[in-house]
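Residue numbers (the working numbering), protein chains in the order written: chain A, 4 to 146; chain B, 499 to 670; chain C, 4 to 432. In this text, a Cβ means the ideal position worked out from N, Cα and C, and glycines have one as well.
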Amino acid sequence: MSLSAPYTIEFPFRRTVGPKIGTFLAGLREARLFGVRTARGVLCPPLEFDPVDGAATGELVELEPVGTVTTWTWVPARPGDPVAHDFAWALIAIDGTVGALFHCVDVGGDQDQIKTGLRVRAKWRPDRSGDLRDLWCFEAEAP
Amino acid sequence: MTLPEPVETTSSPLYMNYTYVAGTGRSVFLRGLNERRLLARHCPGCSLVYAPAPEFCSRCLRPVGPPFELPGTGEVSTFCVVNFPFPGQVYEPPYVVAHIMLDGAHNRLMHLVREVAPEEVTIGLRVEPVWVDDDELDTSTTSIRYFRPIGRPTRDVAAVPYAQTPIGPADA
Amino acid sequence: MVSFAQSPCVPADREHDMAEIVLPVIREALDACGLTRDDIDFFASGSHDFYEGRTFSYIESLDAVGAWPPISESHVEMDAAWAFAEAWAWLQLGEGQTAMVYGIGRSSLAADLDQILPAQLDPYLLAPLRPHRDALAGLQARALIDAGLLTERQLAEIVSRYKDVAVDKLMDAPHVAAPLRAHDIAPPGDAAAVIVLAAGDTARRLTAHPAWVRGLDHRMETHYPGVRDLTCSPSTRRAGERAAELAGFATADVQVAELHTEYSYQEPLLVAELGLKNAEVNPSGGPLAGWPATATGLIRIGEAARRIMDGTTGRALAHATNGPALQHNLVCLLAAQPRDPGQPRDPGQPRDAAQPPEAAQPREPEQPREPEQPRDAGQPREPGQPCDAAQPRDAAQPRDTAQPPEAAQARDAAPARDAAPARDAGEAR
Numbered sequence: 004m005s006l007s008a009p010y011t012i013e014f015p016f017r018r019t020v021g022p023k024i025g026t027f028l029a030g031l032r033e034a035r036l037f038g039v040r041t042a043r044g045v046l047c048p049p050l051e052f053d054p055v056d057g058a059a060t061g062e063l064v065e066l067e068p069v070g071t072v073t074t075w076t077w078v079p080a081r082p083g084d085p086v087a088h089d090f091a092w093a094l095i096a097i098d099g100t101v102g103a104l105f106h107c108v109d110v111g112g113d114q115d116q117i118k119t120g121l122r123v124r125a126k127w128r129p130d131r132s133g134d135l136r137d138l139w140c141f142e143a144e145a146p
Numbered sequence: 499m500t501l502p503e504p505v506e507t508t509s510s511p512l513y514m515n516y517t518y519v520a521g522t523g524r525s526v527f528l529r530g531l532n533e534r535r536l537l538a539r540h541c542p543g544c545s546l547v548y549a550p551a552p553e554f555c556s557r558c559l560r561p562v563g564p565p566f567e568l569p570g571t572g573e574v575s576t577f578c579v580v581n582f583p584f585p586g587q588v589y590e591p592p593y594v595v596a597h598i599m600l601d602g603a604h605n606r607l608m609h610l611v612r613e614v615a616p617e618e619v620t621i622g623l624r625v626e627p628v629w630v631d632d633d634e635l636d637t638s639t640t641s642i643r644y645f646r647p648i649g650r651p652t653r654d655v656a657a658v659p660y661a662q663t664p665i666g667p668a669d670a
Numbered sequence: 004m005v006s007f008a009q010s011p012c013v014p015a016d017r018e019h020d021m022a023e024i025v026l027p028v029i030r031e032a033l034d035a036c037g038l039t040r041d042d043i044d045f046f047a048s049g050s051h052d053f054y055e056g057r058t059f060s061y062i063e064s065l066d067a068v069g070a071w072p073p074i075s076e077s078h079v080e081m082d083a084a085w086a087f088a089e090a091w092a093w094l095q096l097g098e099g100q101t102a103m104v105y106g107i108g109r110s111s112l113a114a115d116l117d118q119i120l121p122a123q124l125d126p127y128l129l130a131p132l133r134p135h136r137d138a139l140a141g142l143q144a145r146a147l148i149d150a151g152l153l154t155e156r157q158l159a160e161i162v163s164r165y166k167d168v169a170v171d172k173l174m175d176a177p178h179v180a181a182p183l184r185a186h187d188i189a190p191p192g193d194a195a196a197v198i199v200l201a202a203g204d205t206a207r208r209l210t211a212h213p214a215w216v217r218g219l220d221h222r223m224e225t226h227y228p229g230v231r232d233l234t235c236s237p238s239t240r241r242a243g244e245r246a247a248e249l250a251g252f253a254t255a256d257v258q259v260a261e262l263h264t265e266y267s268y269q270e271p272l273l274v275a276e277l278g279l280k281n282a283e284v285n286p287s288g289g290p291l292a293g294w295p296a297t298a299t300g301l302i303r304i305g306e307a308a309r310r311i312m313d314g315t316t317g318r319a320l321a322h323a324t325n326g327p328a329l330q331h332n333l334v335c336l337l338a339a340q341p342r343d344p345g346q347p348r349d350p351g352q353p354r355d356a357a358q359p360p361e362a363a364q365p366r367e368p369e370q371p372r373e374p375e376q377p378r379d380a381g382q383p384r385e386p387g388q389p390c391d392a393a394q395p396r397d398a399a400q401p402r403d404t405a406q407p408p409e410a411a412q413a414r415d416a417a418p419a420r421d422a423a424p425a426r427d428a429g430e431a432r
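#1: When you compare the CB of Ala520/B with every CB in chain A, is at least one pair closer than 9 angstroms?
#2: Compare the C-alpha of Leu94/C against each of Ala194/C, Asp82/C, Phe46/C and name the closest.
#3: Expressed to the nearest angstrom, what Euclidean distance is found between the alpha-carbon atoms of Ser509/B and Gln123/C?
#4: Starting from Met223/C, follow its DSSP beta bridges and name the residues at the other end.
#5: Quick check: the Cα distance between Val55/A and Tyr227/C, rounded to an integer number of angstroms?
#6: Of all Cβ atoms in chain A, is any one closer than 9 angstroms to the Cβ of Gly229/C?
#7: Using a C-beta cutoff of 9 angstroms, does Gln662/B count as contacting chain C?
#8: I need the DSSP call for Ser64/C, collapsed to helix, strand or coil.
#9: Select from Gly56/C, Cys36/C, Phe7/C, Cys335/C the residue whose C-alpha is nearest the C-alpha of Ile119/C.
#10: Among Pro182/C, His78/C, Ile43/C, whose alpha-carbon lies nearest the alpha-carbon of Ile62/C?
#11: Can you say whether Ile12/A is buried or exposed, counting buried as having 16 or more other CB atoms within 10 angstroms of its CB?
#12: Taking Tyr127/C as the query, report the chain B residues whose CB atoms sit under 7 angstroms from its CB, ordered along the chain.
#13: Relative to the alpha-carbon of Ala8/A, which residue among Asp636/B, Tyr644/B, Arg643/B, Pro647/B has its alpha-carbon at the smallest distance?
#14: Could you compute how far the alpha carbon of Ala250/C sits from the alpha carbon of Leu33/C?
#15: Taking Cβ-Cβ distances below 9 angstroms as the criterion, which residues of the segment 79–108 of chain A are in contact with chain C?
#16: Please list, in chain order, the residues of the segment 14–38 of chain C that have any C-beta partner in chain B closer than 9 angstroms.
#17: If we define contact as Cβ-Cβ less than 9 angstroms, is Ala138/C a contact residue for chain D?
#18: Which partner residues does Lys172/C have in the DSSP bridge list?
#19: Report the rounded CA-to-CA distance for Phe16/A versus Ala338/C, giving the unit in angstroms.
#20: Would you call the segment 171–183 of chain C in contact with the segment 62–72 of chain A, where contact means no fewer than 3 C-beta pairs closer than 8 angstroms?
#21: Quick check: Glu626/B and Arg646/B, are their CB atoms within less than 9 angstroms of each other?
#22: Looking at C-alpha atoms only, which residue of Arg208/C, Gly97/C, Ala67/C, Ala214/C is the closest neighbour of Leu38/C?
#23: Alpha carbon to alpha carbon, what distance is there between Gln114/A and Asp632/B?
#24: Using three-state DSSP, classify Tyr644/B as helix, strand or coil.
#25: What distance in whole Å lies between the Cβ atoms of Val562/B and Gly602/B, which are believed to be in contact at a cut-off of 8 angstroms?
#26: Of the choices Ala143/A, Trp127/A, Asp84/A, whose alpha-carbon is the least far from that of Leu28/A?
#27: Pro327/C and Ala194/C look like a contact to me (Cβ under 8 angstroms); what is the Cβ gap, rounded to whole Å?
#28: According to the Cβ coordinates, are Ala246/C and Ala260/C closer than 9 angstroms?
#29: Return yes when the C-beta of Ala145/A is under 8 angstroms from any heavy atom of the ligand HEM, and no when it is not.
#30: Going by beta carbon distance, what residues of the same chain come within less than 8 angstroms of Glu60/A, once the five residues before and after it are set aside?
#31: To test your reading of the DSSP string, which unbroken beta strand (DSSP E) runs of 3 or more residues are found completely within the segment 253–334 of chain C?
#32: Using the beta-carbon of each residue, which ones in chain B are nearer than 9 angstroms to Asp134/A?
#33: Let me check understanding here. Comparing Cα to Cα, which of Thr19/A, His106/A, Pro82/A lies closest to Leu135/A?
#34: Listing by chain order, which chain C residues have their CB less than 8 angstroms from the CB of Phe554/B?
#35: Measure the beta-carbon distance from Gly229/C to Gly102/A and round it to whole angstroms, keeping in mind my assumption that it falls under 8 angstroms.
#36: Which of the three DSSP states, helix, strand or coil, is assigned to His609/B?
Next up, the structure:
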């Protein structure tokens, strides 16, 4: 019979970020959403390099934090999730951009309220630190 | 419209819970420690004696034989002095971490060497285990608090280079 | 390939360490082709520290191959199918005659895969959110359903084929990461797999029925899911096309395909991208029968080859994947016959001077790469239409006519400063 035992490992890392993502995260701290210019349009979230051709991305562009759900999956809430009730992880195409942003969509725990094409607006945390989680979640835009 | 000053770092902590599975061979050795016994196993293929022992010889891949107890004494085959602090450190630096070849074994066990000033430790130093109290015994190398010297080196260290110890050269 | 062995995939092996799991499988694979450990020129393996929970965990497995005297060895921190790719290339280069590839996968050691799987994600834009372990797969499945390429009922039909449970009953099960249900997701387990490879004449000497690796390629897509089109898998398609060029036969011509489907929805997507026609898919039961993490892809290669080695099929395909939502894909084409029988080697000729027959054959120059734009996520595609065939979106066309007008206008490829909702931070206003 083999012995076995539980154990925990922890990596309390902080990571350096590039200039574009650094500005994006600093924007979140100010409750502002930024994208970055590329040859085929604005990307939000910004990437340092264009995933298509590897070129350095261009200038940062401030965006209205509003977009459209392009795909979603409904999951049960776990400890540490952005919201306490069931919600959707989704890709959200921010207005004025190409591609989409991965984040949480909170529709009050009612799965019937989430659908592809839903118009959503960012909700900001009151305490923000320059982290992706400053953007608390997206909520359905009032019709 | 001004851009915010970029943040330089972002938090990316990882926290993970696992199950460690010691394996059949390693568990024999760990259970021995819980009884203050240092158990070795003999390989019938290449005659190496392992302590700690795997379930299979890592050279000839044969299953090793039944466990038997070693006296527990041994000697330092190499060591280092830990001088720097780090999170989770148990002992105050400087302290000695050594590879200890137990008498009767052909591989080495890593453990602490204490009750001796770091500058007094040498390769070849004879050592013995200092066991924890009964209520602290466990299936863990922490059942040995540390090793301590039992005398002066019995070998001429220069005559037994590291590479010629039994697990040394490839053509041994 | 001259030999394949694997251990049963068990939900949680609490008896054996890494070496103890793999050693019996190594013995079985060597015995099957009459070799000993000393006959192996090169060892390659795949496993991942995040599943094992220790740094440099794989070194423990070296005790199962006996790394003494020192061996020629390599390890990939990913599925062992990529170790197979390395060992195959090593033999193609004429570096040796035999190679052993082993994979160890233990999905069970992590107490909560939700803690582990985000570690494979971008640490700036994805991992801080700690998404559910199946979240990105759920997004891909939903995108396929929205694109009209798949239905939830089809997912249940796929699972029903493997599990002998009625489709309606499967449809009644609750969602885990909607549209995915628990049975749509490969169950974690622990297993090891071993493959022995041999070059040309050595393979012929070792077995009457080797499975010849006719072509192998792997391709990677960008990581962030928001800039990928999740309704297609161009990396699978490209890898399949390149493997087919090397193999001299098309992926459509195989009789058996073992696909690394960690989710049911991936099967029809991969079948479409590979252009499979009459192939029996995952006759082994596939990963939906057991997911031993980084051994899963290597087992696909072994299972595909096994059906050639036992004479039941002439051509087979194996697929392996790494990363979220099929980011990185490998395709291996196998056949009962080598592409070029080659010249019998002069027995007096030194072994090192011999060229592997495939290497001696001139290869067609690769087609120059055409500049292309990936399709944007959300752009509809006709069912059956290959995603690579899609043209870049017309800059004058709105991306999605179903969207509200202001959003559609903003989707023009024109710079965002011309789009109403974008506020330009780079210029004085």
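Based on what the coordinates show:
#1: True, the Cβ-Cβ gap to chain A drops below 9 angstroms.
#2: Per the Cα distances, Phe46/C.
#3: CA-CA distance, Ser509/B to Gln123/C, rounds to 16 angstroms.
#4: Per DSSP, His331/C.
#5: Near 12 angstroms, if we compare the C-alpha coordinates of Tyr227/C and Val55/A.
#6: At a cut-off of 9 angstroms between beta-carbon atoms, Gly229/C makes contact with chain A.
#7: Confidence is the limiting factor: at Gln662/B the pLDDT is only 44, short of 50, which leaves the residue's position unreliable, though a coordinate-based value still follows. Judged by the 9 angstroms Cβ criterion, Gln662/B is not in contact with chain C.
#8: Ser64/C carries a helical assignment under DSSP once its states are collapsed to helix, strand and coil.
#9: Of the candidates Gly56/C, Cys36/C, Phe7/C, Cys335/C, the one whose C-alpha sits nearest the C-alpha of Ile119/C is Gly56/C.
#10: The shortest C-alpha separation from Ile62/C is found at His78/C.
#11: A residue is called buried once 16 or more other Cβ atoms fall within 10 Å of its Cβ, and Ile12/A, having fewer, is exposed.
#12: The contacting residues are Thr508.
#13: Distance from the Cα of Ala8/A is smallest, within the candidate group Asp636/B, Tyr644/B, Arg643/B, Pro647/B, for Asp636/B.
#14: Taking the straight line from one Cα to the other gives about 27 angstroms.
#15: Cβ contacts with chain C come from Pro79, Arg81, Gly83, Asp84, Pro85, Ala91, Trp92, Ala93, Leu94, Ile95, Ala96, Ile97, Asp98, Gly99, Thr100, Val101, Gly102, Ala103, Leu104, Phe105, His106, Cys107.
#16: Shown in chain order are the members of the segment 14–38 of chain C whose Cβ falls below 9 angstroms from a Cβ of chain B: Ala15, Asp16, Arg17, Glu18, His19, Asp20, Met21, Ala22, Glu23, Ile24, Leu26, Ile29, Arg30.
#17: Given the protein chain composition of this structure (A, B and C), no chain D is represented.
#18: According to the DSSP secondary-structure assignment, Lys172/C is paired through a beta bridge with no residue.
#19: Cα to Cα, Phe16/A sits roughly 48 angstroms from Ala338/C.
#20: With a cut-off of 8 angstroms, the segment 62–72 of chain A and the segment 171–183 of chain C do not count as touching, because too few Cβ pairs lie within range.
#21: Yes; because the gap between Cβ atoms is below 9 angstroms, this pair is in contact.
#22: Cα-wise, what sits closest to Leu38/C is Arg208/C.
#23: So the two alpha carbons sit approximately 58 angstroms from each other.
#24: Under the three-state reduction of DSSP, Tyr644/B is assigned to strand.
#25: Between Val562/B and Gly602/B the Cβ distance is about 14 angstroms, and since that is not below 8 angstroms, they are no contact.
#26: Of the candidates Ala143/A, Trp127/A, Asp84/A, Trp127/A places its Cα closest to the Cα of Leu28/A.
#27: That pair is no contact at about 22 angstroms.
#28: Going by C-beta atoms, Ala246/C is not nearer than 9 angstroms to Ala260/C.
#29: In terms of ligand content, the structure shown is empty, and the ligand HEM therefore cannot be addressed.
#30: Per the sequence shown, residue 60/A should be read as Thr rather than Glu. The answer, listed in chain order, is Lys23, Val39, Arg40, Thr41, Leu46, Pro49, Leu50, Glu51, Phe52, Asp53.
#31: Counting only unbroken stretches of 3 or more residues, the beta strand (DSSP E) elements lying wholly within the segment 253–334 of chain C are 259–261, 318–325, in sequence order.
#32: The contacting residues are Val505, Thr508, Ser509.
#33: Among Thr19/A, His106/A, Pro82/A, the Cα nearest to that of Leu135/A belongs to His106/A.
#34: The answer, in chain order, is Ala22, Glu23, Leu26, Asp66, Ala67.
#35: That belief holds up - the Cβ atoms of Gly229/C and Gly102/A are roughly 5 angstroms apart, short of 8 angstroms.
#36: In the three-state reduction of the DSSP assignment, His609/B falls in the strand class.
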